[in-house]
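Here the sequence shown stands for residues 4 to 493, numbered as in full-length UniProt numbering. Written below as structure tokens is the structure these notes are about.
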Amino acid sequence: KETPSSLIMIFGATGDLAKRKLFPSLYHLYRKGRLGNNFAVIGTARRPWTHEELKENVKDSVLTSIGKSENIDEFVSHFYYQAHDVKNTESYIELKKLADKLDEQYSLNGNRIFYLAMAPEFFGTIAEHLKTDGLNDTKGFKRLVIEKPFGHDLESAKTLNAQIRKAFNEEEIYRIDHYLGKAMVQNIEVIRFANALFEPLWNNRYISNIQITSSEVLGVEERARYYETSGALRDMVQNHMLQMVALLAMEPPIKLSTDEIRSEKVRVFRALRPIEGDHVKEYFVRGQYGSGQIDGKDVPAYRNELNVDPASNTETFVAGKLMIDNFRWAGVPFYIRTGKRMETKSTKIVIQFKDIPMNLYYNTDHQLAPNLLVIHIQPEEGITLHLNAKKSGQHMETTPVKLNFSNTSTHGINTPEAYEKLLDDCLRGDATNFAHWDEVALSWNFVDKISEVWENKTQTEFPNYASGTMGPKASDQLLEKDGFFWWPVT
Ligand code: BG6
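Structure below.
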């Protein structure tokens, strides 16, 4: 699609996300010619910065994150700053004046993207003001990009959605899930639907279980105020983990359009077996990190982190078994686990195939290993297929072999970052890799039933895993009960 002209208004322009992700991504797009010349960026936040201060910050962020900055002055000449009070109509009127002026100056055709990269409690207020104060009343396209968390549970998500729907149509709302911008998450569909090899096996006749791990080494860092009210279930499972499950489990869409793909994903969420009440403990495990060692250095327990309640019951780890009750997946567990302060930073998906009906190679001293397809989401990007082949020598002995494809080494360092892809999609009006309201609602509905049980049961045995490990024992037992184990991701 051709490069559109657009005004990009970033709420929260002095914040961390803008600095770490949005400015460098916009710069990349600019350098690749994906932004064109007809664009302007208005940064806004509470602080009384000048245009110059914003420009300096953008330069700094580009230099820090990319290490070089060709054409940077030309790039930042498109940036403007306007201090702003999210609750004050006057403030929006000032913003509108600037927006209208830039619209003329850069021939933007009234196209506007409003990017909310700030504290979620203001998402609804801002959206409402954008409408009542006339900022989205232009002849071009208007799009609202909204960061997570989208609500805290189903109820609050509904309230927020009702607020923003007063100002924007569903088609104009781009709910960010940055995992959907990751190259190898986008590759799940291609691996499945562009190969004759996998799709015929992609069901309960040939797959025994699927494991998705997203482990982090970092602790809660400076985000305890948010994290204490969220925990790993809301922070990672409701969005990123369930989105990956949907992409792995969905039926082939009849075509690759936004609506068709999203509606297939929604059907997965509808088929997710609800886990509630007494069943929660059979299907889900929670954990919280204690002190331990990371890279040979001592790190504190979660309860001793800055701004964390010393008796906190917030989970920093979740493992769960999901069942998708439809024809394709009946009986196949999807195991997920995610946590902070684990052994390694890694996101991987392991698809374990069923054993072949009969093993002809019992004369070997080992059991035949099952076939695995491993999708490496990060830090490596690629796929590995685990097969059995003949060991060299006289005897008919088998040996495991791995077929490897590395995405990074093919595309090199130019593999765009998630945010760059998502911004590019939004500019071009492609909402496929953003979460539709139905997906958000169904995933909150699933997660709420689990948090309800956890929140009512105040007695926890936290901390229950040491920093630098792969989580509590109960997470291993969850698979052992079913005769499986977590395939190593390190
Ligand atoms: C965010 C969570 O959505 O994802 C963070 O709020 C988490 O807590 C992050 O650290 C992980 O993202 P990534 O891309 O580093 O795997």
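Every residue gets a Cβ at the ideal spot worked out from N, C-alpha and C, and that includes glycine. Since we're looking at a predicted model, the values are computed, not measured.
Under the three-state reduction of DSSP output, K258 falls in the coil class, being neither helix nor strand. Contact between Y30 and L57 is absent: CB atoms are separated by about 14 angstroms, not below the 8 angstroms threshold. Judged by DSSP in its simplified three-state form, Y182 adopts helix. Inter-residue distance for A477 and V288 is about 7 angstroms (C-alpha atoms, whole angstroms). Assigned with DSSP and collapsed to three states, D441 falls in helix. With respect to L275, R115 sits apart: the two C-beta atoms are not nearer than 9 angstroms.
Taking non-hydrogen atoms of the ligand BG6 into account, the C-beta of D19 is found less than 8 angstroms away from none of them.
Taking a contact to require three or more Cβ pairs closer than 8 angstroms, the region 329 to 341 and the region 205 to 224 qualify as touching. Spatial neighbours of L425 in its own chain (CB-CB distance under 6 angstroms, excluding positions within 5 residues in sequence) are listed in chain order as G184. Judged by their CB atoms, I13 and L101 are not nearer to each other than the 9 angstroms cut-off. Looking from the CA of D180, the closest CA among R344, R237, E279 belongs to R237. Contact between Q381 and T350 holds: CB atoms are separated by about 5 angstroms, below the 8 angstroms threshold.
Ranked by Cα distance from V321, the options K284, Y182, N206 are led by K284. Look at the beta carbons and you see the region 163 to 173 touching the region 115 to 128: at least three pairs across the two are nearer than 8 angstroms. By alpha-carbon distance to E158, the top candidate from L445, T463, S94 is L445.
A buried status is given to N436, since no fewer than 16 other beta-carbon atoms sit within 10 Å of its beta-carbon. Residue range 92 to 108 is occupied by the alpha helix (DSSP H) that includes Q108. The nearest non-hydrogen atom of the ligand BG6 is 8 angstroms or more from the C-beta of A186. Taking the CA atoms as reference points, F465 sits about 15 angstroms from M473. The region 232 to 249 and the region 148 to 158 touch, with three or more beta-carbon pairs separated by less than 8 angstroms.
Listed in chain order, the non-local C-beta contacts of P51 below 6 angstroms within the same chain comprise A86, local neighbours out to five positions each way being set aside. Look at S159 here: in three-state DSSP terms it is helix. Taken atom to atom, the span from the alpha-carbon of V65 to that of L20 is near 13 angstroms. Beta-carbon to beta-carbon, K348 and Y292 are separated by about 14 angstroms, too far to satisfy the 8 angstroms threshold. Per the DSSP secondary-structure output, R115 pairs in a beta bridge with L10, K145.
The alpha-carbon separation between V89 and Y95 amounts to approximately 8 angstroms.
Between A120 and L25 the beta-carbon gap is near 6 angstroms, inside 8 angstroms, which marks them as a contact. Around the C-beta of A333, fewer than 16 other C-beta atoms lie within 10 Å, and the residue is accordingly described as exposed. Pairing R146 with G290, the inter-Cα distance amounts to about 39 angstroms.
Taking 8 angstroms as the cut-off, the C-beta of K90 does not count as close to any heavy atom of the ligand BG6. Taking 9 angstroms as the cut-off, the Cβ atoms of I191 and I378 count as close. Nearest neighbour of L390 by Cα position, chosen from H282, K22, I359, turns out to be I359.
R331 carries a coil assignment under DSSP once its states are collapsed to helix, strand and coil. For I352, no alpha helix (DSSP H) encloses it; the enclosing beta strand (DSSP E) starts and ends at 349 to 356. Remark: the shortest separation between the CB of A421 and any heavy atom of the ligand BG6 falls under 8 angstroms. Of the other Cβ atoms in all chains shown, fewer than 16 fall within 10 Å of the Cβ of D262; this residue is therefore exposed.
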